[in-house]
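Residue numbers (our numbering): 134 to 252. Idealized CB from N, CA, C, for every residue including glycine. The structure appears right after this line, and notes come after that.
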Amino acid sequence: MLRCADPALAIRLGVQIVSEVEELPGCPPVRVGMHTGPAVFREGDWYGTTVNVAARLCAAAGGGEVLVSEATHGAAGTVRRIDLEEQRLHWLKNVTEPVPVRLAIERPCAASDWGRFDR
């Protein structure tokens with residue numbers, strides 16, 4: 134579990150982790166789930182519904198997928214070089230309502246993007 138204060142950078146980090154692990158021979162595919170909201174820090178760990186939803190999205194993701202909740206998407210806004218596919222609903226264990234999510238996919242860099250790092 135990772136916590137990131139900036140949702141846009143969190144999405145980029147998740148996509149980058151998946152991409153880089155896929156290139157390592159013999160490593161199993163990574164699955165990433167993200168959700169934004171309040172959480173409680175206690176005794177070196179994070180707790181709460183937000184954490185539970187993120188964990189459930191991680192479990193729902195396929196190998197090599199980054200699932201981003203609509204809450205995270207809304208908080209992040211536009212993320213350079215990342216496409217967020219059409220929204221779909223996921224029913225998650227111990228969550229009463231379906232959670233709207235989007236699949237985050239890295240978009241290839243255009244020549245004008247070379248050498249630039251930003252959100």
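Sort the options by Cα distance to residue i and report the nearest one.
i, options, result
"E203", "D178, D216, Q220 and I144", "Q220"
"L190", "H168, W179, E176 and G197", "H168"
"G196", "M134, A141, P161 and A187", "P161"
"V228", "T183, G207, A143 and C137", "T183"
"I215", "V234, E176, W224 and I144", "I144"
"A138", "E153, E156, V186 and T205", "T205"
Does the beta-carbon of residue i have 16 or more other beta-carbons within 10 angstroms, so that it is buried, or is it exposed?
i, result
"V232", "buried"
"R213", "exposed"
"G147", "buried"
"R136", "exposed"
"A192", "exposed"
Answer yes or no: the CB of residue i versus the heavy atoms of the ligand SAH, is any distance below 7 Å?
i, result
"A237", "As for the ligand SAH, it is missing from this structure, which has no ligand bound."
My output table needs one value for residue i: the three-state DSSP class, helix, strand or coil.
i, result
"A237", "strand"
"H223", "strand"
"G207", "helix"
"R164", "coil"
"G213", "The sequence shown places Arg at residue 213, not Gly. The answer is coil: DSSP assigns R213 none of H, G, I, E or B."
"R145", "helix"
Within its chain, find whatever has a CB closer than 6 Å to the CB of residue i; leave out the 5 residues flanking it on each side and keep chain order.
i, result
"Y180", "V173"
"A208", "P140 and T169"
"R240", "R214 and D216"
Only counting the same chain, and skipping five residues up and downstream in sequence, which positions put a Cβ closer than 8 Å to that of residue i?
i, result
"I150", "V163 and V165"
"E198", "V151, R164, V165 and L236"
Below 7 Å CB to CB, which residues in the same chain sit around residue i once its five sequence neighbours on both sides are set aside?
i, result
"K226", "R189"
"G177", "none"
"A194", "R164, V165, G166 and L200"
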